[in-house]
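Each number in the numbering used here comes from the position in the sequence shown (counting from 1) with 275 added on. Okay, structure first, notes after.
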Amino acid sequence: VSRIDADGIPDVMRGEEVQILGDAPAAGRRLYVLPGTHSKWALAEDGRIAWFATSMTGEAFAVLAEHSILGRLMDGRAYDQPAFRRGLAVGASAGGGLLRRLFSARTLGLFGELEPKAAGSYLSGLLIGAEVADARSTVAAATGAAPDEVTIVGGAELSARYAEAIEAAGLRSRIAPADTTVKALWRLAQHAELV
């Protein structure tokens with residue numbers, strides 16, 4: 276599935292739409308996020324994908340954690356909820372200043388306000404908070420309506436972090452059922468008259 280955004284930039288989904296279609300309502304709208312290396316935000320409308328956008332949040336985290344000064348400050352990857360929540364707040368308030376705000380993962384450590392063991396959670400929160408804020412405004416601009424709920428399709432650990440981020444942004448979160456992909460494949464098989 277591909278689309279061209281309002282700025283003329285192409286975007287692509289390569290299989291994620293199947294996961295969404297297993298949960299998409301036959302009538303009405305539902306906003307989804309599929310967190311991961313390249314997180315997908317998608318609006319399903321009347322059983323089809325009406326809009327989507329990709330955020331490279333997971334890959335950005337990996338690159339920053341493995342190949343930047345920020346990663347050298349991290350001591351482990353254990354989840355630290357207060358640090359994650361602080362990162363969410365800073366990321367959500369970053370607006371167009373995410374690159375500037377990223378440096379806070381270093382300066383907070385230098386000033387003793389962020390322990391090395393919590394730096395990864397802070398950075399994760401910072402990136403996810405910025406992603407959720409951007410998705411919220413992008414969806415509103417693309418559809419003319421601000422979202423009030425986001426359905427999360429993904430693994431348990433990352434879905435829990437996204438639920439926390441979505442709720443911190445003032446939205447409701449919903450975790451899609453675990454059998455969403457199976458349902459989608461069944462629907463596709465029925466549509467193709469294979470079963």
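Glycine residues also receive a C-beta, built at the ideal position from the N, C-alpha and C atoms.
Notebook entry, point to check: Which of the three DSSP states, helix, strand or coil, is assigned to Ile-403?
Noted result: helix
Notebook entry, point to check: Does the stretch 395-409 come close enough to the stretch 357-374 that 3 or more CB-CB pairs lie under 8 angstroms?
Noted result: yes
Notebook entry, point to check: For Lys-458, which of Ala-281, Pro-300, Met-288 has the nearest alpha-carbon?
Noted result: Pro-300
Note to self: Once DSSP output is grouped into helix, strand and coil, what is the label at Tyr-354?
What the structure shows: coil
Check: Roughly how many whole angstroms lie between the Cα atoms of Asp-235 and Leu-385?
Finding: Absent from the model: residue 235. The displayed extent of the chain is 276 to 470, so no value can be given.
Note to self: By DSSP's criteria, Tyr-307 is part of a beta bridge. Which residues make up the other side?
What the structure shows: For Tyr-307, which the question treats as bridged, DSSP gives the partners Ala-317, Thr-426.
Check: Going along the chain, which unbroken runs of the beta strand (DSSP E) with 3 or more residues stay wholly within the stretch 356-386?
Finding: none
Item checked: First through last residue of the alpha helix (DSSP H) which encompasses Ser-434 -> 431-443
Notebook entry, point to check: With respect to the beta strand (DSSP E) encompassing Arg-289, which residues constitute its N-terminal and C-terminal limits?
Noted result: Taken as a continuous stretch (DSSP letters only), Arg-289 belongs to no beta strand (DSSP E), as it is neither H nor E.
Notebook entry, point to check: Thinking just about the alpha-carbon of each residue, which of Phe-327, Ala-410, Arg-352 is nearest to the one in Glu-390?
Noted result: Of the candidates Phe-327, Ala-410, Arg-352, the one whose C-alpha sits nearest the C-alpha of Glu-390 is Arg-352.
Item checked: Euclidean distance between Cα positions of Trp-316 and Ala-335 -> 17 angstroms
Checklist line | Top-ranked residue by Cα proximity to His-466, from Pro-285, Leu-296, Arg-278 | finding: Comparing Cα positions, the closest option is Leu-296.
Next item on the list: Using a threshold of 8 angstroms, state whether the C-beta atoms of Val-425 and Ser-448 are closer than that.
Entry: yes
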